[in-house]
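Accompanying notes for the structure given below.
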């Protein structure tokens, strides 16, 4: 009759090209997990987080201060020009 071979899934040889594809897929699937493990391995201490937040606040404060100085300079220039125009207008009205 028919002779059946026992089931052995790994008895066949896999072609080299197929093995390369399988290895590449395994590496691609494993790399996000490995990256997550490395990301979790590098922990930031609470003190480092506080120092980082303080540095960010300092940079933000300096930026806002500069923007405010620029706005105030523009406002001051507008006040000076308005004052000069008003004074000139008043002096012309008095002389008439």
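In this note's numbering, the protein residues as written are 11 to 106. All C-beta atoms in this analysis are idealised placements derived from N, C-alpha and C, irrespective of residue type, glycine included. The model shown is predicted, which means the values in this text are computed figures rather than measured ones.
Taking residue i as part of the alpha helix (DSSP H), name the residues at either end of that continuous run.
{"i": "residue 114", "result": "An answer regarding residue 114 cannot be provided, because it is not within the stretch 11 to 106 covered by the chain."}
May I have the straight-line CA-CA distance separating residue i from residue j, to the nearest angstrom?
{"i": "residue 11", "j": "residue 34", "result": "Its pLDDT being 45, under 50, residue 11 is placed unreliably in this model, and the value from its coordinates should be taken loosely. Distance between the alpha carbons of residue 11 and residue 34 is about 43 angstroms."}
{"i": "residue 102", "j": "residue 65", "result": "55 angstroms"}
{"i": "residue 73", "j": "residue 100", "result": "41 angstroms"}
{"i": "residue 88", "j": "residue 76", "result": "19 angstroms"}
{"i": "residue 105", "j": "residue 86", "result": "29 angstroms"}
{"i": "residue 60", "j": "residue 79", "result": "28 angstroms"}
{"i": "residue 54", "j": "residue 62", "result": "10 angstroms"}
{"i": "residue 95", "j": "residue 58", "result": "55 angstroms"}
{"i": "residue 82", "j": "residue 52", "result": "45 angstroms"}
{"i": "residue 32", "j": "residue 71", "result": "54 angstroms"}
{"i": "residue 69", "j": "residue 56", "result": "20 angstroms"}
{"i": "residue 30", "j": "residue 67", "result": "51 angstroms"}
Can you find a heavy atom of the ligand PLP that lies under 6 angstroms from the Cβ of residue i?
{"i": "residue 70", "result": "No copy of the ligand PLP occurs in the structure displayed, which carries no ligand at all."}
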